[in-house]
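Data first, discussion second: the structure below is written as structure tokens.
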Amino acid sequence: MIDRLIKLCLQTPLLVLIATGVVVVFGFQALQNNPKDAIPDISENQVIVSTEWMGRSPQDVEDQITYPLSQEMQGIPQVVDVRTISGFGFSRIYVVFQDGVDVYWARSRVLERLAVAAGNLPEGVKPELGPDATSLGQVYEYTVEGPYDLATLRTIQDYTVRYALQNAEGVAEVSTVGGYVREYQVEIDPDALRAHGITLEHVVMAVKQSNLDVGAKTVEQGGIEYLIRGVGFVKRIEDLEQIVLKNDGHVPVLLRDVARVQLGPEFRRGALADDKGERVGGIVTMRYGANPQEVIGNVKEEIEKIKPALPKGVEIKPFYDRTQLVDETLWTLTDTIVAEILVTMLVVILFLLHLRSGLLISATIPISVLMTFIGMEAFGIGSNIMSLGGIIIAIGVVVDMGIIMTETIYRALQEDGGRSKRFDVVYGAAREVGGAILTSVLTIVISFVPIFFLPGQSYKLFAPLAWTKTFCLLASAITAITLVPVLCYLFLGGRKQSQSRKAQLTRQAMRWASALGIAALLAWLTLHFDSWMEAHLGMRAGFLAVLVFVLAGLAVLRMWSEKLTPIDESPVARGIVKGYVPTLLFFLRNKWVLGAVYVLIVFWGAMAAFGAKTMLSPVYGATDNPDSVRPLAALDEHYPGFGHEFMPPLDEGSLLYMPSLLSQAGLGKTLDAMEWQNRQIASVPEVNGVVGKLGRADTSLDPAPIGMIETMVELKPKSQWRKAISRNELIERLESGMTLKDLRREMREGDAKIAFNKAVGEGLTIGQLLAGLRDAREANELLDLDPGADMTLAEKIVLNLRRDLSKKDLISDLRLKTFQPGVAPSWLQPIQTRVVMLSSGIRARIGLELVGDDANELAELALQLEPIVKEVDGTADVTALRTGGKPYVEFELKRDRMAHYGVSVAQVNNVIEIALGGKRLTTTVEGRERYPVRVRYERELRDNLEELGDVLITTPNGAQIPITEVADIRSVVGPAAIRGVNGQLVGYVMFNPVDIDETTLIERVQERVQQAIDNKEVDWPKGYSYRWVGQYKEAQRANQRLSF
401 MIDRLIKLCL QTPLLVLIAT GVVVVFGFQA LQNNPKDAIP DISENQVIVS TEWMGRSPQD
461 VEDQITYPLS QEMQGIPQVV DVRTISGFGF SRIYVVFQDG VDVYWARSRV LERLAVAAGN
521 LPEGVKPELG PDATSLGQVY EYTVEGPYDL ATLRTIQDYT VRYALQNAEG VAEVSTVGGY
581 VREYQVEIDP DALRAHGITL EHVVMAVKQS NLDVGAKTVE QGGIEYLIRG VGFVKRIEDL
641 EQIVLKNDGH VPVLLRDVAR VQLGPEFRRG ALADDKGERV GGIVTMRYGA NPQEVIGNVK
701 EEIEKIKPAL PKGVEIKPFY DRTQLVDETL WTLTDTIVAE ILVTMLVVIL FLLHLRSGLL
761 ISATIPISVL MTFIGMEAFG IGSNIMSLGG IIIAIGVVVD MGIIMTETIY RALQEDGGRS
821 KRFDVVYGAA REVGGAILTS VLTIVISFVP IFFLPGQSYK LFAPLAWTKT FCLLASAITA
881 ITLVPVLCYL FLGGRKQSQS RKAQLTRQAM RWASALGIAA LLAWLTLHFD SWMEAHLGMR
941 AGFLAVLVFV LAGLAVLRMW SEKLTPIDES PVARGIVKGY VPTLLFFLRN KWVLGAVYVL
1001 IVFWGAMAAF GAKTMLSPVY GATDNPDSVR PLAALDEHYP GFGHEFMPPL DEGSLLYMPS
1061 LLSQAGLGKT LDAMEWQNRQ IASVPEVNGV VGKLGRADTS LDPAPIGMIE TMVELKPKSQ
1121 WRKAISRNEL IERLESGMTL KDLRREMREG DAKIAFNKAV GEGLTIGQLL AGLRDAREAN
1181 ELLDLDPGAD MTLAEKIVLN LRRDLSKKDL ISDLRLKTFQ PGVAPSWLQP IQTRVVMLSS
1241 GIRARIGLEL VGDDANELAE LALQLEPIVK EVDGTADVTA LRTGGKPYVE FELKRDRMAH
1301 YGVSVAQVNN VIEIALGGKR LTTTVEGRER YPVRVRYERE LRDNLEELGD VLITTPNGAQ
1361 IPITEVADIR SVVGPAAIRG VNGQLVGYVM FNPVDIDETT LIERVQERVQ QAIDNKEVDW
1421 PKGYSYRWVG QYKEAQRANQ RLSF
């Protein structure tokens, strides 16, 4: 069959070339339309149910909303997990479905269950579905800045910017964070109410009835129809102040007589700030399955459109744009593919000394890649680091297929010397290796089949690589069997020179015309990559276009005149053969040497893979203290063994700092801490910008409590990071004008910088520092100096500066810069954080999930385990999820006293809700803007715990009594948030690995935790358990599937 296919292609070369052209066109189209992102979307197939119940405690939300709804969700078909969070005033339920379930089918099933469960929820509570997106869809974040207050900027964001950006194609949601939402606040004076004999309930009813428009159909007069409206919407503060509450003796009591009406900020549970102060911003979330680059491009187009409509001085400034990461990732992979093509051409030309053969083989690479993109489009696979990585891995095999076919035909033509028909020679050589090429490709493809059986996130992460590698290998086999023989038939082999003068002139004209035409085309294409050339090669495209024109022209001229050369005449081939033959003869005579070399290589590789302690366990076991034996300690240090981790880290070019304050912290304290941290982070030279968010944005994708901070840290390119400075370089820079302030900026955080700052405070001068640096002790550049030794200040500074700053060093600097007592930090990257949070609901790569039946007990248990986990080497950012210890003020109702006064539970609780928390009664309509109207007591009575007892309750006989007559006020401690998984309450201890793989670290932590439980170091309640969550869980599931 393969033989017949090769023969058919050689008989119809024009048809093959036309088909190749069609494939190239469709391939380019698929390449242009292919979705592009940094990594595959490995998010779980989940639907979010979001419910707001403002002012209610986490325990109330859990008991009355989260638990009944989650139980209802567990009955939906194909549901894997139901994760829940109950916080202050909100509930989030994450319904995770099996992979492969259509997301919109899943949303429909959840809506059906919500409709059934709605009747069991408290009055006025309406659960809603979150956007059809995941947290990985947060692709663009920005601030709205201008010479206005935060409330005005928030209004611009809510009613101008947000609506415009939501119109962009592919955008699922634009959420707002930071600033103040305006509201009309009616702050009641209870003494004035008592003086006028007006109840709180009466005020509430009057305000509700004061904001209303009505319609009265139409009236017709003179043949003209008029629409009738009763206009009564509140437009300004005066409209509220003039509400009539009572009229005694023709003297009306107005709302302004018993309350202060003002425009003020609505109660908020989130804020945004950079290193200069508070900001207003937005988060753009793309729709499920959308193309990130297209969505961001559409958003930027909308921003340009609304710029003229923005007030003077208002700007939209992005602080997170995934386009840059996507572009850098794809350009890196593209550079690799181009480099492989160039290296292939160079190697082939060096071996064959034949440019046409090199170009012919190289042509198979882009054609195979374009065919791969056709397959990617057909199977819905986007361009990302994994899918393009599969192409890069396959490039070597793609080249091999072309080389095998071309070299076989090349040698056959060269050996034949023109004695036979070129068709017969090419066909005979091609059929000789065609079957072998297909067999080898299929063998490699089959080796990747197990990847297609991986579960969950493992499949989503690695399947794109397996698919693209498979597509590319199959494309290379098809190209090698069909196209390469045709190209060899057309372009390889000698040509007889015509004796006709006219034919020679025609040939020369074609030679020069093709050289100039191809050179001009390549130069023109080069000019279209001006920005890329300047960024990656450091040169303008104009200069490179001239160079390409000259080299391409010379290459084409060379191809017209070159002839087939025996491969033995290649200097490279002769050199390799000259070295290979004696080496082979030596090993044939000394077989034991070759065996020893391979045994050594195998043992060395095994020691690198499994570790020196494993491979040399008898030696280590026979030594009492292996760490004291220098050779054994050195082997253990250099050969610790390879660990296992689910997902290799991707350098995203930015960091996400996520510290958590104690659950007792309020918004003001958290905001102060965040602004201080922002200033500290911005002072690090490698940081380009910093923006922090505390609490929740206005989206169901963000369940953060008020004490959780998310700080986006944009880093400068690594070329601008601090470089190593030797002793002599430091001396030269200090002599050339470097100041002590400049030196402080260059130094890393740590003991050396602390000592330097102390010396500067005590009057250190540059002359004194130079004298220390010139001392003989620094002559060896401190290469062998023990950092723990008694060092001079100059020695400490040189030791601090002698190494290039790495990302690990930078994070260490930032950790020291941002340290605050009581703040638990976590340093990850934006996408990396979203991935781990989606997989387990935590914000670290590894989590110890505690399972029990009491939220407070779980929070206390997590706090006990936190210092124990910190003891384990390799752990960083160890944090117990702080969900307990939240202070509550409870009004414990006295039912006997309530019966005495004739008041109900609903009446007392309604007064508590309105007077202290404030109740949203109605909403004004002011053009496109909407503002709530809220009624509550004056701030002085709400913000003072001692004054809470003065809230008045109206009895049926009209008397007003303080609430302390019917309720006891007490302070208790309760949960700040309640988390659950499949109906079980959970708590977490989270941490990240440092210089160690996840599997080994978990084994260490597991051993230490179990030891602590056995030794009673923690008060482990009966019936409680723990399990591991995070990316490790996915790696474990993948290993189990592969082992099967």
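Start counting at 1 in the sequence shown, then tack on 400, and there's your number in this note's numbering.
Ideal Cβ placement from N, Cα and C applies to all residues, glycine included.
Values in this document were obtained by computation on a predicted structure and should not be read as measured data.
Can you list, in chain order, the residues of its chain whose CB lies under 7 Å from that of residue i, leaving out five sequence neighbours each side?
| i | result |
| --- | --- |
| P1413 | Just to set this straight, residue 1413 is Ile in the shown sequence, not Pro. Only W1420 meet the Cβ criterion. |
| V539 | V684, M686, P692, V695, I696 and R722 |
| I792 | L733, T736 and I737 |
| L550 | G579, Y580, E678 and V680 |
| V1372 | Y1288 and E1290 |
Just to check my reading of the structure: residue i and residue j have Cβ atoms closer than 8 Å, yes? What is that Cβ distance to the nearest angstrom?
| i | j | result |
| --- | --- | --- |
| G570 | N691 | 7 Å |
| L640 | V586 | 7 Å |
| V482 | I493 | 7 Å |
| G1089 | E1129 | Going by Cβ atoms, the distance from G1089 to E1129 rounds to 29 Å, so no, they are not a contact pair. |
Give the straight-line distance between the Cα atoms of residue i and residue j, rounded to the nearest whole angstrom.
| i | j | result |
| --- | --- | --- |
| E1110 | P1059 | 7 Å |
| G1252 | I1246 | 20 Å |
| A1176 | L1032 | Reliability of the predicted coordinates at A1176 is poor, the pLDDT of 44 falling under 50, and the value obtained from them is presented with this limitation in mind. Taking the straight line from one Cα to the other gives about 34 Å. |
| N1439 | F852 | 13 Å |
| E1346 | N1309 | 19 Å |
| A1179 | A1152 | Any reading at A1179 must be qualified, since the residue scores a pLDDT of 48, below 50, and its modelled position is unreliable; no value is offered. |
| E1181 | E1146 | Note that E1181 scores 45 on pLDDT, short of 50, meaning its location in the model is unreliable; the coordinates nonetheless yield the value given after this. Approximately 18 Å, taken between the alpha carbons. |
| E545 | D675 | 14 Å |
| P798 | F426 | Residue identity differs from the one stated: residue 798 is Val in this sequence, not Pro. Rounded to whole angstroms, V798 to F426 spans 20 Å at the Cα level. |
| V743 | D403 | 31 Å |
| L905 | W912 | 11 Å |
| K896 | G1053 | Here the model assigns K896 a pLDDT of 48, short of 50, so the residue's position is not dependable and the matter cannot be decided. |
| Q459 | Q1436 | 35 Å |
| R822 | M401 | 22 Å |
| G1167 | T1139 | 11 Å |
| L1341 | L1071 | 25 Å |
| V661 | V607 | 12 Å |
| Q1120 | L944 | 26 Å |
Looking only at its own chain, which residues have a Cβ that is under 8 Å from the Cβ of residue i, when we skip the five neighbours before and after it?
| i | result |
| --- | --- |
| N1157 | R1144 |
| G1387 | E1249, L1250, G1252, A1255, L1258, A1259, L1261, A1262, A1280, L1281, T1283 and R1379 |
| F719 | E541, Y542, T543, D674, G681, G1089, V1091, M1112 and E1114 |
Please classify residue i as buried or exposed, where buried requires at least 16 neighbouring CB atoms within 10 angstroms.
| i | result |
| --- | --- |
| M605 | exposed |
| P1187 | Here the model assigns P1187 a pLDDT of 48, short of 50, so the residue's position is not dependable, and the following value carries that caveat. Per the 10 Å Cβ criterion, exposed. |
| Q899 | Unreliable positioning characterises Q899 in this predicted model, as indicated by a pLDDT of 49, which lies under 50. A coordinate reading is not provided. |
| I1001 | exposed |
| N1200 | buried |
| E1290 | exposed |
| F949 | buried |
| L1183 | A caution first: L1183 carries a pLDDT of 41, below 50, which makes its placement in the model unreliable, though a value can still be read off. That one is exposed. |
| V1087 | buried |
| S1425 | exposed |
If you drop the 5 nearest sequence neighbours on each side, which residues of the same chain put their C-beta closer than 6 Å to that of residue i?
| i | result |
| --- | --- |
| F1042 | A1009 |
| F382 | What is shown of the chain runs 401 to 1444, which leaves residue 382 out entirely. |
| I781 | S787, P864 and W867 |
| E462 | S486 and I1378 |
Checklist line | contact_flag[the segment 868-877, the segment 764-780] where n(CB pairs < 8 Å) is 3 or more | finding: Pairwise C-beta distances place the segment 868-877 in contact with the segment 764-780, as three or more of them are shorter than 8 Å.
Check: Counting pairs of beta carbons, one from the segment 609-617 and one from the segment 628-643, are three or more of them closer than 8 Å?
Finding: Contact holds: three or more Cβ-Cβ distances are below 8 Å.
Notebook entry, point to check: At a cut of 8 Å, does the segment 408-416 reach the segment 487-502 through at least three beta carbon pairs?
Noted result: These segments do not touch.
Next item on the list: Assess, as a yes-or-no matter, whether the segment 484-492 is touched by the segment 1371-1383 under the definition of 3 or more beta carbon pairs within less than 8 Å.
Entry: Touching, yes.
Margin query: Under 8 Å, with one C-beta from each stretch per pair, do the segment 1209-1223 and the segment 1055-1075 reach the 3-pair mark?
Written below: Yes: the two stretches touch, three or more of their Cβ pairs being nearer than 8 Å.
Note to self: Assess contact between the segment 558-566 and the segment 701-721, defined as three or more Cβ pairs (one per stretch) separated by less than 8 Å. Is contact present?
What the structure shows: Contact between the segment 558-566 and the segment 701-721 is present, because at least three Cβ pairs lie under 8 Å.
Next item on the list: Examine the Cβ distances between the segment 434-441 and the segment 468-476 and report whether three or more of them are shorter than 8 Å.
Entry: Between the segment 434-441 and the segment 468-476, the count of Cβ pairs shorter than 8 Å is below three; the stretches do not touch.
Item checked: Touching by the beta-carbon criterion (3+ pairs, under 8 Å), the segment 873-884 and the segment 516-533 -> When C-beta atoms of the segment 873-884 are compared with those of the segment 516-533, fewer than three pairs fall below 8 Å, so the two segments do not count as touching.
Check: Is it a yes or a no for the segment 1094-1109 touching the segment 1061-1080, going by three-plus beta-carbon pairs under 8 Å?
Finding: A contact exists between the segment 1094-1109 and the segment 1061-1080.
Check: At a cut of 8 Å, does the segment 842-851 reach the segment 817-834 through at least three beta carbon pairs?
Finding: No: the two stretches stay apart, fewer than three of their Cβ pairs being nearer than 8 Å.
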